[in-house]
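Visitor: Below is the structure I would like to discuss, written out as structure tokens.
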Ligand SMILES: [Zn+2]
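Numbering (our numbering), first residue to last: 948 to 1396.
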């Protein structure tokens, strides 16, 4: 891959053009630059003329796009997803966040990994196949959300549209996993992690009321102290750890590539579940999150003035619910851990963990998962394809009511540093890695039967 003088592949130029349009999502609709979203939709049409000519487009919500590419048959329709919005820019970047610069073998900018790389990758694959006059074996739908980053409703509305048309997808592929390099200590092979479920999300507000008053005459155990005690109690009472089934399968697949002493442990993860789960919780926050429901106290407030005792003290707790737990069991745990009736617990939002999508194991083969896994092996021969539990939330959870197989995977190689750049600064995607991703989407469509 050369830079500067010689010509970049056309797919790269298309991604650059779309990265340069700042489609930033905000929870407050008034802050959203709708002109940028309009420009993005127009630019997409310019960059992918054949796709826009041949596929039927339904506009969803404000700027959501649902494309339909009729296949030779329609009994096993497939949905490829991505989103066109991005999170706001923060931190200081080596290359401006909306520059789309190509430097050091990478395309730089907000959205390269999350999630315009996938969006452009899907469109380029479709455009190329249309040029070759391919008709997919099955109906293909492209569902591009416009408000994923703010938990918007575009994906739900796309699902409603599909439901109305009687479409029950065979499987859905959305962002989530990746070809993850240096994901597990001691394992030198990249892992093609395919999310088969995602953790649930719940936010609760802890609140303690009191009399307030002057700071010169404080009473014992005022609202702030009581709240602090509740927080430390919660912090000291993590939920029990366990090894969910997809993680057992992930370990089994990684075992042959693990350092010798670890191999039997990982290969027998199913039997050693409880011991391994405890080990994971001891290895650090990232691995602990793989094994249990987590609590993070995020917001804190008390009195507005230094010399005034708080009448109300409150703390927001963001909870990620593990497969196997529910918002109800988690709430019961929080109540018991705090053990204080004077601490009010209000549920602000609650989304249960998403249903588990089927995957292949030693004993079972799932055709859809196999298709994704073999396409990973074909395009990324060094990678080990494996199911996993996703920690973050994606738009694809909206598809669970109409589809049993929701897979979360973006076909791009990502280092640890790249994964950390998502929602942070210096987000970038390798040029060759982007082109491999385009090839992955193309192969996936070609392999449909
Ligand atoms: Zn995303």
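C-beta atoms are modelled at their ideal positions from N, C-alpha and C, and glycine is treated no differently.
Every value quoted in this text rests on a predicted model; they were computed, and no experiment measured them.
With a threshold of 16 other CB atoms inside 10 Å of the CB of residue 1207, please say whether the residue is buried or exposed.
Guide: Reading the chain shown from its first residue, position 260 is the one you call residue 1207. It counts as exposed.
Visitor: Can residue 1124 and residue 1357 be called in contact, C-beta distance under 8 Å?
Guide: Mapped onto the chain shown, residue 1124 falls at position 177. Mapped onto the chain shown, residue 1357 falls at position 410. The answer is yes: Cβ separation under 8 Å.
Visitor: If you follow the beta strand (DSSP E) that residue 1245 is part of, which residue opens it and which one closes it?
Guide: In the chain shown, counting from the first residue as 1, residue 1245 sits at position 298. That run of the beta strand (DSSP E) goes 1241-1248.
Visitor: Return the Cβ separation of residue 1322 and residue 1387 in integer angstroms, given the expectation that the two are a contact with Cβ distance under 8 Å.
Guide: Mapped onto the chain shown, residue 1322 falls at position 375. Mapped onto the chain shown, residue 1387 falls at position 440. About 6 Å separates the two Cβ atoms, so the contact holds.
Visitor: Could you please give the first and the last residue of the uninterrupted alpha helix (DSSP H) stretch that includes residue 1232?
Guide: Translated into the one-based positions of the chain shown, residue 1232 becomes position 285. Where residue 1232 is concerned, the enclosing alpha helix (DSSP H) stretches over 1232-1238.
Visitor: Rounded to the nearest angstrom, what separates residue 1161 and residue 1254 at their Cα positions?
Guide: The count along the chain shown starts at 1 and reaches residue 1161 at position 214. The count along the chain shown starts at 1 and reaches residue 1254 at position 307. Distance between the alpha carbons of residue 1161 and residue 1254: 7 Å.
Visitor: Determine the closest residue to residue 1163 out of 964, 1257 and 1235, with distance taken between C-alpha atoms.
Guide: What you label residue 1163 is simply residue 216 of the chain shown in a count that begins at 1. Distances from the CA of residue 1163 to each of 964, 1257 and 1235 were compared; the closest alpha carbon is that of 1257.
Visitor: DSSP beta-bridge partners for residue 1265?
Guide: Within the chain shown, residue 1265 is the residue found at index 318, counting from 1. Beta-bridge pairing links residue 1265 to 1150 and 1243.
Visitor: Is residue 1238 buried or exposed, if buried means 16 or more other CB atoms sit within 10 Å of its CB?
Guide: Reading the chain shown from its first residue, position 291 is the one you call residue 1238. It counts as buried.
Visitor: Going straight from the alpha carbon of residue 1112 to that of residue 1089, what length do you get?
Guide: Here the question's residue 1112 lines up with position 165 in the chain shown. Here the question's residue 1089 lines up with position 142 in the chain shown. Computed Cα separation, rounded: 15 Å.
Visitor: Could you tell me whether any non-hydrogen atom of ligand 1 is closer than 7 Å to the CB of residue 1367?
Guide: By one-based count along the chain shown, residue 1367 stands at place 420. Every heavy atom of ligand 1 is 7 Å or more from the Cβ of residue 1367, so no.
Visitor: Can you tell me which of the three DSSP states residue 966 falls into?
Guide: Within the chain shown, numbered from 1, the residue matching residue 966 stands at position 19. Here residue 966 carries a helix assignment [DSSP, helix/strand/coil].
Visitor: Could you say which of 1066, 1042, 1103 and 977 lies nearest to residue 987 if we only look at CA atoms?
Guide: Working through the chain shown from its first residue, we reach residue 987 at position 40. Comparing Cα positions, the closest option is 1066.
Visitor: DSSP has residue 1334 in a bridge; who is on the other side?
Guide: Position 387 of the chain shown, counting from 1, holds the residue named residue 1334. Partner(s): 1141.
Visitor: Residue 1098 lies in the alpha helix (DSSP H); which residues open and close that run?
Guide: Looking up residue 1098 in the chain shown gives position 151. It is not in any alpha helix (DSSP H) - residue 1098 carries neither H nor E in the DSSP assignment.
Visitor: CA-CA distance, residue 1288 and residue 1335?
Guide: Residue mapping note: residue 1288 aligns to position 341 of the chain shown, counting from 1. Residue mapping note: residue 1335 aligns to position 388 of the chain shown, counting from 1. Cα-Cα distance, rounded: 38 Å.
Visitor: Can you tell me whether residue 1146 is buried or exposed, with buried defined as 16 or more other CB within 10 angstroms of its CB?
Guide: Within the chain shown, residue 1146 is the residue found at index 199, counting from 1. Its Cβ being crowded by 16 or more others within 10 Å, residue 1146 is buried.
Visitor: How many Å lie between residue 1014 and residue 1214 at the Cα?
Guide: As a working mapping, residue 1014 is identified with position 67 in the chain shown. As a working mapping, residue 1214 is identified with position 267 in the chain shown. In a straight line, the C-alpha of residue 1014 is about 43 Å away from that of residue 1214.
Visitor: Could you spell out the range, first to last residue, of the beta strand (DSSP E) harbouring residue 1124?
Guide: Taking the first residue of the chain shown as 1, we reach residue 1124 at position 177. Per DSSP, residue 1124 belongs to the beta strand (DSSP E) from 1118-1127.
Visitor: Exposed or buried, which one is residue 1283 when buried takes at least 16 other CB atoms within 10 Å?
Guide: Within the chain shown, residue 1283 is the residue found at index 336, counting from 1. So residue 1283 counts as exposed.
Visitor: Return helix, strand or coil for residue 1014, following the three-state DSSP convention.
Guide: As a working note, residue 1014 is residue 67 in the chain shown. Three-state result, residue 1014: strand.
Visitor: Which class does residue 1397 belong to by DSSP, given the choice of helix, strand or coil?
Guide: Limits of the chain in this structure are 948 at one end and 1396 at the other, which puts residue 1397 out of reach.
Visitor: What alpha helix (DSSP H) runs, 4 residues minimum, are completely inside the region 1368-1394?
Guide: 1378-1394
Visitor: Using alpha carbons as the reference points, say which of 1179, 1037, 1051 and 1056 lies closest to residue 1045.
Guide: Looking up residue 1045 in the chain shown gives position 98. Looking at 1179, 1037, 1051 and 1056, the one whose alpha-carbon comes closest to that of residue 1045 is 1056.
Visitor: Determine the contact status of residue 1298 and residue 1038, defining contact as a CB-CB distance below 8 Å.
Guide: To locate residue 1298, count along the chain shown from 1; it is residue 351. To locate residue 1038, count along the chain shown from 1; it is residue 91. No.
Visitor: In chain order, what residues place their C-beta within less than 6 Å of a heavy atom belonging to ligand 1?
Guide: The set, ordered by position in the chain, is 1030, 1061, 1062, 1095 and 1122.
Visitor: Compute the beta-carbon to beta-carbon distance between residue 1398 and residue 1376, rounded to the nearest angstrom, for a pair I have assumed lies under 8 Å.
Guide: Any question about residue 1398 goes unanswered here, given that the chain covers just 948 to 1396.
Visitor: With a threshold of 6 Å on Cβ separation, who are the neighbours of residue 1184 within its own chain once the five nearest residues in sequence on each side are excluded?
Guide: Here residue 1184 corresponds to residue number 237 of the chain shown, with the count starting at 1. So the list reads 1284, once near-sequence residues are dropped.
Visitor: Between the alpha carbons of residue 950 and residue 958, how many angstroms are there, rounded?
Guide: What you label residue 950 is simply residue 3 of the chain shown in a count that begins at 1. What you label residue 958 is simply residue 11 of the chain shown in a count that begins at 1. Unreliable placement is indicated for residue 950, whose pLDDT of 49 sits below 50; the coordinate value is still reported in the next sentence. Distance between the alpha carbons of residue 950 and residue 958 is about 15 Å.
Visitor: Measure the Cβ-Cβ separation of residue 1228 and residue 1235 and say whether it is below 8 Å.
Guide: Against the chain shown, residue 1228 aligns to sequence position 281. Against the chain shown, residue 1235 aligns to sequence position 288. Taking 8 Å as the cut-off, the beta carbon of residue 1228 is found closer than this to the beta carbon of residue 1235.
Visitor: Using DSSP with H/G/I as helix, E/B as strand and the rest coil, what is residue 1048?
Guide: On the chain shown, residue 1048 is found 101 positions in, with the first residue counted as 1. In the structure shown, residue 1048 sits in coil (DSSP, three-state: anything other than H, G, I, E or B).
Visitor: Which residues in the same chain have their Cβ closer than 6 Å to the Cβ of residue 1180, if we skip the five residues on either side of it in sequence?
Guide: In the chain shown, the residue the question calls residue 1180 occupies position 233. The answer, listed in chain order, is 1284 and 1285.
Visitor: From residue 1277 to residue 1304, what distance separates their C-alpha atoms?
Guide: As a first step, residue 1277 must be located in the chain shown, where it is residue number 330. As a first step, residue 1304 must be located in the chain shown, where it is residue number 357. Near 23 Å, if we compare the C-alpha coordinates of residue 1304 and residue 1277.
Visitor: When the Cα of residue 1096 is compared with those of 1132, 1320 and 973, which residue comes out closest?
Guide: As a position in the chain shown, residue 1096 is number 149, starting the count at 1. The residue with the shortest Cα to Cα distance from residue 1096 is 973.
Visitor: Taking only the alpha-carbon atoms, compute the straight-line gap between residue 1200 and residue 1126 and give it to the nearest angstrom.
Guide: Here residue 1200 refers to the residue found at position 253 when the chain shown is read from its first residue. Here residue 1126 refers to the residue found at position 179 when the chain shown is read from its first residue. Straight-line Cα distance between these residues: approximately 15 Å.
Visitor: Taking only the alpha-carbon atoms, compute the straight-line gap between residue 1364 and residue 1040 and give it to the nearest angstrom.
Guide: Residue mapping note: residue 1364 aligns to position 417 of the chain shown, counting from 1. Residue mapping note: residue 1040 aligns to position 93 of the chain shown, counting from 1. Approximately 14 Å between the Cα atoms of the pair.
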